[in-house]
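Participant: Please read through the structure below; I'll follow up with questions.
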Amino acid sequence: MPATPNLRLRLLLETAGWSAAQLARAIGQVAAEHGSTLACDRSSVSRWLAGARPRPPAPEFLLEALSRRLDRPVTAGQAGLTRAPERMPPVSWEAAPLRALTLLTGAELDPARRTLLTSALFSPLTLAVPELLPVGPPGPQRRAPGRDRTGAADAARMDAMAEVFATTADRLGGGPVRAPLAAYLAHDVTARLHAPSSDAVRAPLLSRAAQLTLLLGRICADGGDDAVAQHYQLVAARLSADAGDHATLAIALRTMATHAHDLGHHGPVVLRLAERACEHARHAPPVVQAYTHAHLAVLQARHDRRAALAALDRAERLRGDDNGAGAEAGTSGPFAAYSLGALHYQRAQTLSALGDRSGAVRALTASLRARAPGERHARVLTHARLAEAQWGMGHLDEALPHWDAFLDAYPSLDSVRATRRLGAMRRRLRPHLRYPAAARLLGRADGLG
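Basically my numbering = 1-based index in the sequence shown + 1.
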């Protein structure tokens, strides 16, 4: 029996103003962004239009490509792909954040539902952030005398737990932390937020929940689950806005912009996200302002050299020279500090984007020197980046010791980011197999799997 033509998909294609070949190219682009070499051409799309069912993972890439073109989420049902795998609910700013957090963490802990999380795709559509909180000085805090002490104790416990999770992730990578942190959010934090309380008690708990959610998002991104990380970032932004917390909202928006940039999205919408983070940080402690301006500089380097250098200078002045910056009143949790090593790393990214390779190498060297012992994960990745920068300048002998240091620590890290740097190292060393020192290092890398 012949297949029934997919009229829904044809209508979407006409609405998008695309030919079959153009849709195939868009699908290929989305697949490439997610590390897939999906074979898709005009004839593939023609078969789908005639009623053939695309095989996974093609449906996910197809829906994402159409969603981007039409600037709205497109579901499997709307595209006539009724046999496509079930998807996570689309990322939405309108979703109630506490309900979304409950659904996400519940799926994290359920093996049958976790596949929905890992099959989702990062969507640039969500980077256009609505106004969540008016950009202005925070209003007076209302007090609830009978519950202040209990609320403060709850917030302190959440701060302590966040420190444990963040410290472990900084030392070992996010893998060992992801499930315990999801369980803590699912079973403890959401229960506290569902309990009746006054606004004065609830607001700091929402802020702490936002910070813990951001931390879980960072861990997911480190593990390569970019769409899941995006969901958590959105929930964190909404929670911090509901708390009236400009500082945590600024950090959430900056985190979203950083994540998008790391995935190769550098357009105006990402730059605007970083600018929004700086706007909210105006009413936050200097450490948060420095944190947001440093990444604004990285993004502006692709658009406006003078603005990038001005943002970098402002970040450095706000951060100051004190290695312990970040303990100011009004900050707490895993994002309370912004290390000098991290600032130098952002300086290196900015200078690299501006074409100043030698300046970037100096900044990465300074970052490595400034990294505290607890920043082990960041230190290892900085070694890798410094090796890549030296190699890019033709300084192979200077790069090799940093790759050696990276390999020394690699087996103890559970991090997709580290795995990607291992792959980058192999690609760069392959052409140098006749050089004994490079061949030895490549042999070490190949022995790590």
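From the three backbone atoms N, C-alpha and C, an ideal C-beta is built for every residue, glycine too.
Check whether the segment 162–174 touches the segment 365–383, taking contact to mean three or more Cβ pairs, one atom from each stretch, closer than 8 Å.
Facilitator: Yes, they touch.
Participant: Give the single residue among T191, A33, L216 and I220 whose Cα lies nearest to the Cα of L206.
Facilitator: Within the sequence shown, residue 206 is the residue found at index 205, counting from 1. Nearest C-alpha to L206: T191.
Participant: When you compare only the Cα positions, how much space is there between V31 and H232?
Facilitator: Walking along the sequence shown from the start, residue 31 turns up at place 30. Walking along the sequence shown from the start, residue 232 turns up at place 231. Distance between the alpha carbons of V31 and H232: 18 Å.
Participant: Does V31 come out as helix, strand or coil in the three-state DSSP assignment?
Facilitator: Sequence index remark: in the sequence shown, residue 31 carries index 30 (1-based). V31: helix per DSSP, three-state reduction.
Participant: Measure the C-alpha to C-alpha separation of A4 and P60 and round it to an integer number of angstroms.
Facilitator: Position 3 of the sequence shown, counted from the start, is the residue given in the question as residue 4. Position 59 of the sequence shown, counted from the start, is the residue given in the question as residue 60. Rounded to whole angstroms, A4 to P60 spans 18 Å at the Cα level.
Participant: Give every residue of the same chain whose Cβ lies closer than 6 Å to the Cβ of V46, excluding the five residues on either side of it in the sequence, and list them in chain order.
Facilitator: Against the sequence shown, residue 46 aligns to sequence position 45. Cβ neighbours of V46 beyond the five flanking positions: A21, L24 and A25.
Participant: Can you name the start and end residues of the alpha helix (DSSP H) that L313 belongs to?
Facilitator: Position 312 of the sequence shown, counted from the first residue, corresponds to residue 313. R306 to R320 is the extent of the alpha helix (DSSP H) around L313.
Participant: Would you tell me roughly how many angstroms separate the C-alpha atoms of N7 and G52, rounded to the nearest one?
Facilitator: For the purposes of this step, residue 7 is identified with residue 6 of the sequence shown, where counting begins at 1. For the purposes of this step, residue 52 is identified with residue 51 of the sequence shown, where counting begins at 1. Going by the C-alpha atoms only, they are around 5 Å apart.
Participant: Between the Cα of P55 and those of A40, L423 and R69, spot the shortest distance and give me the residue it belongs to.
Facilitator: On the sequence shown, position 54 is the one that residue 55 refers to. For P55, the nearest C-alpha among the options comes from A40.
Participant: Sort Q347, A361 and T106 by Cα distance to S353 and report the nearest one.
Facilitator: Translated into positions along the sequence shown, residue 353 becomes position 352. Closest by alpha carbon: A361.
Participant: Buried or exposed: where does D227 fall if 16 or more other Cβ atoms within 10 Å of its Cβ makes it buried?
Facilitator: Here residue 227 refers to the residue found at position 226 of the sequence shown. Its Cβ being crowded by 16 or more others within 10 Å, D227 is buried.
Participant: Can you say whether D305 is buried or exposed, counting buried as having 16 or more other CB atoms within 10 angstroms of its CB?
Facilitator: Here the question's residue 305 lines up with position 304 in the sequence shown. Burial call: exposed.
Participant: Hey, A278 and T293: beta-carbon distance below 7 Å or not?
Facilitator: For the purposes of this step, residue 278 is taken as residue 277 along the sequence shown, with counting starting at 1. For the purposes of this step, residue 293 is taken as residue 292 along the sequence shown, with counting starting at 1. Taking 7 Å as the Cβ cut-off, A278 and T293 qualify as a contacting pair.
Participant: Let me make sure I understand the geometry here. Which of A196, G176 and A343 has the alpha-carbon closest to that of D155?
Facilitator: What you label residue 155 is simply residue 154 of the sequence shown in a count that begins at 1. The residue with the shortest Cα to Cα distance from D155 is A196.
Participant: Taking 8 Å as the threshold, find out whether the segment 430–442 comes into contact with the segment 414–422 through three or more Cβ pairs.
Facilitator: In short, these stretches do not touch, since the Cβ pair count stays below three.
Participant: Do the CB positions of T214 and V229 come within less than 7 Å of each other?
Facilitator: Your numbering for residue 214 matches position 213 in the sequence shown. Your numbering for residue 229 matches position 228 in the sequence shown. Going by C-beta atoms, T214 is not nearer than 7 Å to V229.
Participant: Report the three-state DSSP secondary structure of Y436 (helix, strand or coil).
Facilitator: Counting from 1 along the sequence shown, the entry for residue 436 is found at position 435. Looking at Y436 - three-state DSSP - the assignment turns out to be coil, as it is neither helix nor strand.
Participant: Can you tell me whether H384 is buried or exposed, with buried defined as 16 or more other CB within 10 angstroms of its CB?
Facilitator: Taking the sequence shown and counting its residues from 1, the one referred to as residue 384 is at position 383. Buried, since its Cβ has 16 or more Cβ neighbours within 10 Å.
Participant: Cα separation between L254 and R421?
Facilitator: Within the sequence shown, residue 254 is the residue found at index 253, counting from 1. Within the sequence shown, residue 421 is the residue found at index 420, counting from 1. Cα to Cα, the separation comes out at about 25 Å.
Participant: Looking at the structure shown, is R283 part of a helix, part of a strand, or coil, going by DSSP?
Facilitator: Taking the first residue of the sequence shown as 1, we reach residue 283 at position 282. Three-state result, R283: coil.
Participant: Using three-state DSSP, classify D200 as helix, strand or coil.
Facilitator: Within the sequence shown, residue 200 is the residue found at index 199, counting from 1. It is helical.
Participant: Where A204 and Q212 are concerned, what is the direct C-alpha to C-alpha distance, given to the nearest angstrom?
Facilitator: Start at 1 with the first residue of the sequence shown, and residue 204 comes out as number 203. Start at 1 with the first residue of the sequence shown, and residue 212 comes out as number 211. Going from the Cα of A204 to the Cα of Q212 covers about 13 Å.
Participant: With a CB to CB cut of under 8 Å and the five nearest residues on each side skipped, what residues in its chain are close to G331?
Facilitator: Here residue 331 is taken as the residue at index 330 of the sequence shown, counted from 1. At G331, the pLDDT of 44 sits below 50, so the modelled position is not reliable and the matter cannot be decided from this model.
Participant: With DSSP collapsed to three states, give me the class of T38.
Facilitator: As a position in the sequence shown, residue 38 is number 37, starting the count at 1. If DSSP states are grouped into helix, strand and coil, T38 belongs with coil.
Participant: Would you kindly report the start and end of the unbroken alpha helix (DSSP H) that includes P125?
Facilitator: As a working mapping, residue 125 is identified with position 124 in the sequence shown. First-last for P125: undefined, no H or E at that position.
Participant: Could you pull out every residue in the same chain whose Cβ sits closer than 6 Å to the Cβ of A291, ignoring the five residues on either side in sequence?
Facilitator: Here residue 291 is taken as the residue at index 290 of the sequence shown, counted from 1. A316, L319, R320 and Y339.
Participant: Quick one: measure Cβ to Cβ for H266 and P125, integer angstroms, because I've assumed they're closer than 8 Å.
Facilitator: Position 265 of the sequence shown holds residue 266. Position 124 of the sequence shown holds residue 125. At roughly 6 Å, the Cβ-Cβ gap stays under 8 Å, so H266 and P125 are in contact.
Participant: Here's a check: name, in chain order, each residue in its chain whose Cβ is nearer than 6 Å to the Cβ of A222, leaving out the five neighbours to either side.
Facilitator: Taking the sequence shown and counting its residues from 1, the one referred to as residue 222 is at position 221. Cβ within range, chain order: A230 and H260.
Participant: Taking the continuous alpha helix (DSSP H) assigned at S47, which residues delimit it?
Facilitator: Counting from 1 along the sequence shown, the entry for residue 47 is found at position 46. Note, S47: alpha helix (DSSP H), R43 to L50.
Participant: So, using beta-carbon positions, are A425 and H403 closer together than 7 Å?
Facilitator: Taking the first residue of the sequence shown as position 1, residue 425 is located at position 424. Taking the first residue of the sequence shown as position 1, residue 403 is located at position 402. No.
Participant: Return the residue from the list M162, G152 and L104 that minimises the CA-CA distance to D200.
Facilitator: In the sequence shown, residue 200 corresponds to position 199, counting from 1. The candidate whose alpha carbon is nearest that of D200 is G152.
Participant: Less than 7 Å between the beta carbons of A282 and V288, yes or no?
Facilitator: Looking up residue 282 in the sequence shown gives position 281. Looking up residue 288 in the sequence shown gives position 287. No, the pair does not count as a contact, with Cβ atoms beyond the cut-off.
Participant: Can you give me the C-alpha to C-alpha distance between R372 and Q350, rounded to a whole angstrom?
Facilitator: Within the sequence shown, residue 372 is the residue found at index 371, counting from 1. Within the sequence shown, residue 350 is the residue found at index 349, counting from 1. About 16 Å.
Participant: Distance, Cα to Cα, L401 vs W392?
Facilitator: Against the sequence shown, residue 401 aligns to sequence position 400. Against the sequence shown, residue 392 aligns to sequence position 391. Rounded to whole angstroms, L401 to W392 spans 9 Å at the Cα level.
Participant: For T103 and D160, what's the separation of their Cα atoms in angstroms?
Facilitator: Translated into positions along the sequence shown, residue 103 becomes position 102. Translated into positions along the sequence shown, residue 160 becomes position 159. Computed Cα separation, rounded: 20 Å.
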